[in-house]
Amino acid sequence: MHLPPALTRLRPVALIRFLLGILLPLILIGVIAEDVLERQRFAFEQPVMLWVHAHATPALTTISLFLHTFGGPLPMGVVFIVIVLALWFTQRHSLAVFALLGLGSSVALAFAMKLIFARARPELWPRLVTENGASFPSGHTTVAAALATFAVLLAWHSRWRWPVLIVSAGYAFLMGYGRIVLGVHYPSDVLAGWLTGLACVLGAYSVLGSSLRLLRLDEKVEVKTHA
Numbered sequence: 619m620h621l622p623p624a625l626t627r628l629r630p631v632a633l634i635r636f637l638l639g640i641l642l643p644l645i646l647i648g649v650i651a652e653d654v655l656e657r658q659r660f661a662f663e664q665p666v667m668l669w670v671h672a673h674a675t676p677a678l679t680t681i682s683l684f685l686h687t688f689g690g691p692l693p694m695g696v697v698f699i700v701i702v703l704a705l706w707f708t709q710r711h712s713l714a715v716f717a718l719l720g721l722g723s724s725v726a727l728a729f730a731m732k733l734i735f736a737r738a739r740p741e742l743w744p745r746l747v748t749e750n751g752a753s754f755p756s757g758h759t760t761v762a763a764a765l766a767t768f769a770v771l772l773a774w775h776s777r778w779r780w781p782v783l784i785v786s787a788g789y790a791f792l793m794g795y796g797r798i799v800l801g802v803h804y805p806s807d808v809l810a811g812w813l814t815g816l817a818c819v820l821g822a823y824s825v826l827g828s829s830l831r832l833l834r835l836d837e838k839v840e841v842k843t844h845a
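For the sequence shown, the working numbering gives the first residue as 619, with consecutive numbering after it.
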């Protein structure tokens with residue numbers, strides 16, 4: 619089996635990033651989306667949702683409600699604009715474009731998928747918040763995953779790499795889990811949201827390529843010091 623020339627030129631870590639961070643998520647999204655489009659039910663979803671509902675503590679519900687508000691269109695829109703403008707006006711133009719493309723594409727793709735699949739929201743118990751849009755994928759989770767991936771990439775070559783990774787992963791996980799706690803999404807909506815956010819940001823990183831030299835995950839940044 620021979621890989622396409624474009625893939626054979628990639629460094630090992632870049633190839634792994636493409637296969638696991640972009641291609642695999644897109645394949646999984648496609649598999650889930652096919653069943654959603656055919657209105658098929660996933661056997662595991664109802665038991666998972668009922669388990670989550672049965673084990674939802676008051677503290678977890680409060681966190682889920684906070685993340686619901688914080689992860690809404692208006693707050694996240696403000697966060698995105700602040701990130702892009704802060705990067706642009708600090709002369710980090712490539713990073714500003716990266717943020718705009720990566721974060722923006724995740725929002726656009728999630729919105730388009732909601733229109734295409736028009737999946738009804740769960741009705742297993744009274745929802746704790748009002749959501750009128752389509753269920754698939756979870757927009758809150760998509761944006762959280764995109765923001766988390768972006769933050770990790772920015773911090774990857776700094777001493778804050780692992781703290782940022784842990785906090786970002788925790789944020790994205792809690793956002794997705796909270797959508798199930800609130801009864802507004804199926805687990806497959808959440809999974810598709812995580813995968814969409816991840817694939818969009820890593821896809822933007824791959825597209826921009828050399829203009830993001832300082833963010834390369836497959837090589838160390840050399841810091842030159844002058845006496």
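Built from N, CA and C at the ideal position, the CB exists for glycine as well.
Excluding sequence positions up to five before and after alanine 674, its CB lies within less than 6 Å of the CB of Val799, all in the same chain and listed in chain order.
The Cβ neighbour count for isoleucine 650, taken over all protein chains shown within 10 Å, is at least 16; the residue is labelled buried. With a cutoff of 7 Å on beta-carbon distance, proline 755 and methionine 793 are scored as not near each other. Straight across, the Cα-Cα distance linking glutamate 749 with valine 802 is about 7 Å. A buried status is given to valine 808, since no fewer than 16 other beta-carbon atoms sit within 10 Å of its beta-carbon.
Inter-segment contact for the stretch 756-775 and the stretch 809-821 is present: three or more beta-carbon pairs are separated by less than 8 Å.
A check of alpha carbon separations from glycine 722 across Arg777, Ser776, Ala763, Ser786 identifies Ala763 as the nearest. Tyrosine 789 sits close to alanine 766, with the two beta carbons spaced by under 7 Å. Unbroken beta strand (DSSP E) stretches of 3 residues or longer found wholly inside the stretch 664-721: none. Taking the Cα positions, valine 700 is about 11 Å away from alanine 717.
Between serine 724 and glycine 648, the gap from beta carbon to beta carbon reaches 7 Å or more. The C-beta of valine 761 has 16 or more other C-beta atoms within 10 Å across all chains shown, which makes the residue buried. The C-beta separation of leucine 820 from isoleucine 640 comes to about 5 Å, placing the pair in contact by the 8 Å criterion.
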